[in-house]
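**Q** Sharing a structure here in structure tokens format.
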Ligand code: SAH
Ligand code: SF4
Ligand code: F3S
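Residue numbers (my numbering): 18 to 490.
So, in structure tokens, the structure goes:
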């Protein structure tokens, strides 16, 4: 269907929109007849910020259908889990929590349970839910968010179980309402999907091909967010560095950064995630030159060994990665660099693992997200021999964490006595506020709640490995 083709990627077919609006109206009426007052919804999100951003759209639709939000499933009429499939552990947690809903539902028969997101986009999972979790009412994948009102209508009017997990090409629905958590920190998706097929990773299978939003749509949303008080905007995509590849014209991620940087206002621009194979000097120059762009580069390396990088299908070498890091540091002396690393990829030897350790020591990351390899059904790596026992992988994992801990401790100690400009966020402790450095390290300091959402200067007085303490200047 041409309407869904890439050349009209950001076009919402009017029929889809009309059906949705009609279903929203009908669901509202049904819910009103059933509950009288506002029905209650509980939404829980697993996984990455891409999922958090999707949940904001899901909540936007639920709000239009008349729901109010509550903070636990016990007293909700509608419960939705937006799930993540990236590692087995993430999936186990979802199954555990869905199991925990069963006794709640037994007490409250007309509660609707919905599961969506990356995990549900996998056929074998949707099948498992269909067979073994009969009390789940609605299951939909990452391509079906905009049809939630139609699914709700089917479920409420005919009492049917609804499954909508087909993959679709191309379309980005720009007409969805967004219900944001209040606060000055916001998410702004600039692209969806991933074309990279790293051999271990499920994301390309559950999120489909890369598609970029148009610069106009991004800019309009950025302006709206800034006008609404946003002070910390994170641009989202699985690989923001390949932004624009499916769009006409000469736009790339560096131009998006410059475009948003040029908007008036006092705000910080962050982005994630960057893939090293598409990270260019041009992008690093743009980062260095744009005053509003946080001097933080999250550049996942995954491994420091060239054979493993090849097996992972990452399409860069250790040397190319280090070259980017050296260039970035030379342009931005205060740059914080963070990364993702997988330990125990199938067939990784101890000496190959040590190449990762030596790379970590050479880069001196601010922090690391370290994962033990998790086999994902349907990926290429799932077919590879994996002879190293889990115990050995855990040992290597702990070894790497200890190396990073030492580096992080050394780096934070150097921050004592320096002053950082940070956006104030709430803290659970009475009279205490939180801020984050551009490299995302938390700083705790005393101050009044009326500073929340404002930029303040904080002088660091004490440093632990993962947290800083300071005082307002
Ligand atoms: N698009 C991002 C990462 C998305 S997933 C990127 O390419 O950088 C976040 C991280 O999860 C990955 O960087 C990787 O380190 C980890 N990850 C993905 N699949 C994994 C798997 N099968 N086992 C263990 N870790 C995995
Ligand atoms: Fe997964 Fe690789 Fe795509 Fe990141 S770039 S989402 S690791 S396939
Ligand atoms: Fe998980 Fe899907 Fe994000 S698999 S990491 S929620 S894209």
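The C-beta atom is built at its ideal place from N, Cα and C for all residues, glycine as well.
Just so it is clear, the structure is predicted and the values come from calculations on it, not from any experiment.
Do residue 255 and the ligand SAH come close, with the Cβ less than 7 angstroms from some heavy atom?
**A** Flag set: Cβ of residue 255 near the ligand SAH.
**Q** May I ask whether a heavy atom of the ligand F3S can be found less than 7 angstroms away from the beta carbon of residue 179?
**A** Every heavy atom of the ligand F3S is 7 angstroms or more from the Cβ of residue 179, so no.
**Q** Between which two residues does the alpha helix (DSSP H) carrying residue 409 extend?
**A** It spans 407 to 430 - the alpha helix (DSSP H) in which residue 409 sits, taken as one unbroken run.
**Q** Measure the C-alpha to C-alpha separation of residue 240 and residue 250 and round it to an integer number of angstroms.
**A** Taking the straight line from one Cα to the other gives about 11 angstroms.
**Q** Just checking, does the segment 464 to 476 make contact with the segment 422 to 432 on the three C-beta pairs under 8 angstroms criterion?
**A** Contact fails: fewer than three Cβ-Cβ distances are below 8 angstroms.
**Q** Under the three-state reduction of DSSP, which class applies to residue 319: helix, strand or coil?
**A** Residue 319 falls in the strand class under three-state DSSP.
**Q** Can you have a look at residue 101 and say buried or exposed, based on whether 16 or more other CB atoms are within 10 angstroms of its CB?
**A** The residue is buried, with at least 16 neighbouring Cβ atoms inside 10 Å.
**Q** Report yes if the C-beta of residue 213 is less than 7 angstroms from at least one heavy atom of the ligand SF4; otherwise report no.
**A** Yes, the ligand SF4 has a heavy atom inside 7 angstroms of this Cβ.
**Q** Check whether the Cβ of residue 342 sits closer than 7 angstroms to any heavy atom of the ligand SAH, and report yes or no.
**A** It does not: the Cβ of residue 342 is nowhere closer than 7 angstroms to a heavy atom of the ligand SAH.
**Q** Looking at the ligand F3S, does it come within less than 7 angstroms of residue 399, judged from the CB to the closest heavy atom?
**A** False, no ligand heavy atom lies under 7 angstroms from that Cβ.
**Q** Just the C-alpha distance for residue 98 and residue 169, rounded to the nearest angstrom, thanks.
**A** Each residue's alpha carbon lies about 15 angstroms from the other.
**Q** Name the residue from 317, 286, 293 whose alpha carbon lies nearest to the alpha carbon of residue 304.
**A** Residue 304 has its Cα closest to that of 286, out of 317, 286, 293.
**Q** The alpha helix (DSSP H) with residue 487 in it runs from where to where?
**A** No alpha helix (DSSP H) holds residue 487; the beta strand (DSSP E) holding it covers 484 to 489.
**Q** Would you mind stating whether residue 345 and residue 301 have Cβ atoms separated by less than 8 angstroms?
**A** Yes, the pair counts as a contact, with Cβ atoms nearer than the cut-off.
**Q** Using CA atoms only, rank isn't needed, just tell me which of 292, 231, 265, 293 is closest to residue 273.
**A** For residue 273, the nearest C-alpha among the options comes from 231.
**Q** Are the segment 446 to 466 and the segment 180 to 196 in contact at 8 angstroms, needing three or more beta carbon pairs?
**A** Touching, no.
**Q** Does any C-beta atom of chain B lie closer than 8 angstroms to the C-beta of residue 134?
**A** No chain B appears in this structure, which consists of one protein chain only.
**Q** How big is the Cα-Cα spacing for residue 87 and residue 96?
**A** Residue 87 and residue 96: Cα-Cα distance of roughly 10 angstroms.
**Q** Run the CB neighbour count on residue 481, radius 10 Å, all protein chains shown included, and call it buried at 16 or more, exposed below.
**A** Residue 481 is exposed by the Cβ-count criterion.
**Q** State the CB to CB distance for the pair residue 335 and residue 376, rounded to an integer number of angstroms; the pair is presumed to be in contact (CB under 8 angstroms).
**A** Going by Cβ atoms, the distance from residue 335 to residue 376 rounds to 6 angstroms, so yes, they are a contact pair.
**Q** Find out if the Cβ-Cβ distance for the pair residue 318, residue 358 is shorter than 8 angstroms.
**A** Cβ atoms of residue 318 and residue 358: closer than 8 angstroms.
**Q** If we require 3 or more residues per run, which beta strand (DSSP E) segments fall completely within the segment 59 to 107?
**A** Qualifying beta strand (DSSP E) stretches, in chain order: 95 to 100.
**Q** Please give me, in chain order, every unbroken run of the alpha helix (DSSP H) with length at least 4 that falls completely inside the segment 189 to 245.
**A** Counting whole runs of 4 or more residues, the segment 189 to 245 contains the alpha helix (DSSP H) stretches 220 to 224, 232 to 244.
**Q** Pull the bridge partners of residue 249 from the DSSP assignment, please.
**A** Looking at the DSSP assignment, residue 249 forms a beta bridge with 202, 285.
**Q** Would you say the beta carbon of residue 437 is closer than 7 angstroms to some non-hydrogen atom of the ligand SAH?
**A** Checking every heavy atom of the ligand SAH against the Cβ of residue 437, none is found closer than 7 angstroms.
**Q** Mapping the DSSP letters down to three states, classify residue 480 as helix, strand or coil.
**A** Residue state, collapsed to three classes: strand.
**Q** Could you compute how far the alpha carbon of residue 56 sits from the alpha carbon of residue 81?
**A** Near 12 angstroms, if we compare the C-alpha coordinates of residue 81 and residue 56.
**Q** Considering residue 342, what are the terminal residues of the alpha helix (DSSP H) in which it resides?
**A** First-last of the alpha helix (DSSP H) with residue 342: 335 to 348.
**Q** Under three-state DSSP, which class holds residue 51?
**A** Three-state result, residue 51: helix.
**Q** In the DSSP output, which residue or residues are listed as bridge partners for residue 180?
**A** Bridge partners of residue 180: 156.
**Q** How many angstroms separate the CA atom of residue 143 from the CA atom of residue 311?
**A** Approximately 40 angstroms, taken between the alpha carbons.
**Q** Along the beta strand (DSSP E) that carries residue 388, what are the first and last residues, could you check?
**A** First-last of the beta strand (DSSP E) with residue 388: 384 to 389.
**Q** Take residue 18 and list the residues in its own chain whose beta-carbon comes closer than 7 angstroms to its own, dropping the five residues that flank it on each side.
**A** Confidence in residue 18 is poor, its pLDDT being 28 and thus under 50, which makes the residue's placement too unreliable to answer from.
**Q** Starting from the C-beta of residue 119, find all residues in its chain whose C-beta is less than 7 angstroms away, skip the five residues before and the five after it, and write them out in chain order.
**A** Correct list, in chain order: 152.
**Q** For residue 474, does the three-state DSSP call read helix, strand or coil?
**A** Correct three-state label for residue 474: strand.
**Q** With C-beta atoms as the reference, is residue 217 less than 8 angstroms away from residue 386?
**A** Going by C-beta atoms, residue 217 is not nearer than 8 angstroms to residue 386.
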